[in-house]
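Undergrad:
Right, dumping it as structure tokens:
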């Protein structure tokens, strides 16, 4: 990469370091992993910068976040991080909350969760749309680019993710009062 | 409209993603429908709670400076930006038919083909070493213990340095067999990541440096210092692995003073 091209790379992608780090923090389990993911992502971005079609820093944001997201996902896959999350199943996880068995709502652990814990327990595919929308401020179209799903899926996941968080928040407040 | 569709509309409205006409219609509906307006209020409250409770992070200064360093080194060696095997996640895209990328990479393929057998061996050895009980034959963080251990087991005495001070402690060594000869393997650790360093005496002069290769999630680095052929294998991030390679090169040039 020649000097002007590298200058362009820095101008377009370095302003998004905090955004990249924030997404990595929410998609990995700890600070070390988040740092590794961000470093890998910037290196990958450098290698593939030729394929970047945008002209300004604003266009670089979803492009970089897509790479961060892929780096985080492939890292999880590599380490087979099962954690407490089941494999994401669009159909299964999209069942409306009302359909859940009432007993499930009574499980003590669920009732104690704060918003943060609730976010942690969302399937990654739900968690990422919340982070991309609420913390990174991406448009639906940009979220679709980052997560590589159609607009309708973005809208559906975002709405269902919010519904789940809202329930968790409601439970937390109930407990406080 | 199902309850889900209704919430979806309200979400899109609050996110400013509804077309003007749809937004006007929804606003009208919200005035009339208490169910929908309570959804709107709950969503607004959620959004406030998220802004309040979920932090957006600031990248640590250390990460920032490491990245700047990486970019500076890319500036110095122009090839580093281009010559790299596609990482694993990209292979899907290749298979899906991004032939231009494949063809572009092909030009670089010929020289790599010669090394690919060795690359496979290094990778296999690295993965094998991660299985229980296979990592080290001699466990020591003391370079003066590890180095003599190789005496009589190899026809050379490998340079051994501990980089604990730099955050890459030496944890041991072992023997392996690569490219038809016995080689020394030094094992280092960075946080929870293990790094296998393979080395044997170089037949030719220095050179033969290659861009990092990523296979099955592991990074492989290779260079020839003139005295030794080096291969590194690790799941550590490339930035740090490259830094570590820099430390090793420094250690190698200082190698004669450790020779018995």
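Chains as they are written, first to last, in this note's numbering: chain A, 59 to 235; chain B, 34 to 293.
In this text, a Cβ means the ideal position worked out from N, Cα and C, and glycines have one as well.
Which two residues bound the contiguous alpha helix (DSSP H) that contains residue 118 of chain A?
TA: Judged by DSSP secondary structure, residue 118 of chain A falls within the alpha helix (DSSP H) whose first and last residues are 115 to 136.
Undergrad: Decide if residue 278 of chain B is buried, meaning its Cβ has at least 16 other Cβ atoms within 10 Å, or exposed.
TA: So residue 278 of chain B counts as buried.
Undergrad: For the region 87 to 106 of chain A, which residues have a CB atom closer than 7 Å to at least one CB atom of chain B, in sequence order?
TA: 90, 93, 94, 96, 97, 98, 100, 101, 102, 104, 105
Undergrad: So what's residue 214 of chain B in DSSP terms, helix, strand or just coil?
TA: strand
Undergrad: State the Cα-Cα distance for the pair residue 200 of chain A and residue 229 of chain A, rounded to the nearest angstrom.
TA: Roughly 32 Å separates the two Cα atoms.
Undergrad: Would you kindly work out how many angstroms separate the C-alpha atoms of residue 135 of chain A and residue 60 of chain B, rounded to a whole number?
TA: 44 Å
Undergrad: How far does the beta strand (DSSP E) with residue 75 of chain A in it extend, from its first residue to its last?
TA: Taken as a continuous stretch (DSSP letters only), residue 75 of chain A belongs to no beta strand (DSSP E), being part of the alpha helix (DSSP H) at 75 to 85.
Undergrad: Need the endpoints of the beta strand (DSSP E) that residue 255 of chain B sits in, please.
TA: Unbroken beta strand (DSSP E) run through residue 255 of chain B: 251 to 257.
Undergrad: Give a yes or no on contact between the region 88 to 102 of chain A and the region 93 to 102 of chain B, applying the rule of three or more CB pairs nearer than 8 Å.
TA: yes
Undergrad: Would you call residue 164 of chain B buried or exposed, if buried means 16 or more other Cβ atoms sit within 10 Å of its Cβ?
TA: It counts as exposed.
Undergrad: Tell whether a beta-carbon distance below 8 Å holds between residue 169 of chain B and residue 207 of chain B.
TA: yes
Undergrad: In chain order, what residues of the same chain have a beta carbon less than 8 Å from the beta carbon of residue 60 of chain A, not counting five sequence neighbours either side?
TA: none
Undergrad: Using alpha carbons as the reference points, say which of B:263, B:159, B:219 lies closest to residue 240 of chain B.
TA: Selected option, being the one with the closest Cα: B:263.
Undergrad: Could you tell me the alpha carbon to alpha carbon distance between residue 138 of chain B and residue 128 of chain A, rounded to whole angstroms?
TA: Per-residue confidence for residue 138 of chain B stands at a pLDDT of 41, beneath the threshold of 50, marking its modelled position as unreliable; no derived number is given.
Undergrad: What's the gap between the Cα of residue 266 of chain B and the Cα of residue 228 of chain B?
TA: 6 Å
Undergrad: List the endpoints of the continuous alpha helix (DSSP H) containing residue 261 of chain B.
TA: Residue 261 of chain B -> not in any alpha helix (DSSP H); beta strand (DSSP E) instead, spanning 261 to 267.
Undergrad: Residues of chain B with CB closer than 7 Å to the CB of residue 80 of chain A, please, in chain order.
TA: 89, 90
Undergrad: Does any residue of chain B bring its CB to less than 8 Å from the CB of residue 76 of chain A?
TA: yes
Undergrad: Assign residue 62 of chain A to one of two classes, buried (16 or more other C-beta atoms within 10 Å of its C-beta) or exposed (fewer than that).
TA: exposed
Undergrad: Tell me, which residues are paired with residue 230 of chain B by DSSP?
TA: B:219, B:265
Undergrad: Roughly how far, in whole angstroms, is the beta-carbon of residue 218 of chain B from the beta-carbon of residue 231 of chain B, given that I think they are within contact range, below 8 Å?
TA: 5 Å
Undergrad: Is the number of C-beta pairs between the region 51 to 65 of chain B and the region 204 to 224 of chain A that are closer than 8 Å three or more?
TA: no
Undergrad: Skipping 5 residues on each side, what residues in its chain have a beta carbon closer than 7 Å to that of residue 193 of chain A?
TA: 80
Undergrad: Counting only beta-carbon separations shorter than 8 Å, does residue 193 of chain A have a partner in chain B?
TA: yes
Undergrad: Helix, strand or coil: which one does DSSP assign to residue 102 of chain B?
TA: helix
Undergrad: Compute the Euclidean distance between the alpha carbons of residue 222 of chain A and residue 82 of chain A, then round it to the nearest angstrom.
TA: Whole-angstrom Cα-Cα distance: 22 Å.
Undergrad: Quick one, which of B:76, B:83, B:39 has its alpha-carbon nearest residue 62 of chain B's?
TA: B:39
Undergrad: Run through chain A and tell me which residues come within less than 7 Å of residue 82 of chain B, C-beta to C-beta.
TA: At a beta-carbon threshold of 7 Å, the residues of chain A lying near residue 82 of chain B are 173, 227, ordered along the chain.
Undergrad: For chain A, find out if any of its Cβ atoms is closer than 8 Å to the Cβ of residue 255 of chain B; answer yes or no.
TA: Judged by the 8 Å Cβ criterion, residue 255 of chain B is not in contact with chain A.
Undergrad: Assess contact between the region 95 to 105 of chain A and the region 172 to 180 of chain A, defined as three or more Cβ pairs (one per stretch) separated by less than 8 Å. Is contact present?
TA: no
Undergrad: So for residue 126 of chain B, helix, strand or coil by DSSP?
TA: For residue 126 of chain B, the pLDDT reaches just 42, beneath the cut-off of 50, and the residue's location in the model is therefore unreliable, although a value from the coordinates is still provided. When secondary structure is reduced to three states using DSSP, residue 126 of chain B falls in the helix class.
Undergrad: Got a sec, what are the start and stop residues for the alpha helix (DSSP H) residue 36 of chain B sits in?
TA: Unbroken alpha helix (DSSP H) run through residue 36 of chain B: 36 to 47.
Undergrad: At which residues does the alpha helix (DSSP H) containing residue 66 of chain B begin and terminate?
TA: From DSSP, residue 66 of chain B is part of no alpha helix (DSSP H); its letter is neither H nor E.
Undergrad: Specify whether the region 247 to 259 of chain B and the region 196 to 206 of chain B touch according to this definition: at least 3 beta carbon pairs, one from each stretch, less than 8 Å apart.
TA: Here the region 247 to 259 of chain B makes no contact with the region 196 to 206 of chain B; the two share fewer than three CB pairs at distances below 8 Å.
Undergrad: Please list, in chain order, all residues of the same chain as residue 173 of chain B whose beta carbon is under 7 Å from its beta carbon, the five residues on each side excluded.
TA: 179, 205
Undergrad: Kindly list, in the order they appear in chain B, the residues whose Cβ is closer than 8 Å to that of residue 119 of chain A.
TA: Those within 8 Å of residue 119 of chain A in chain B number zero; the least Cβ separation is about 13 Å.
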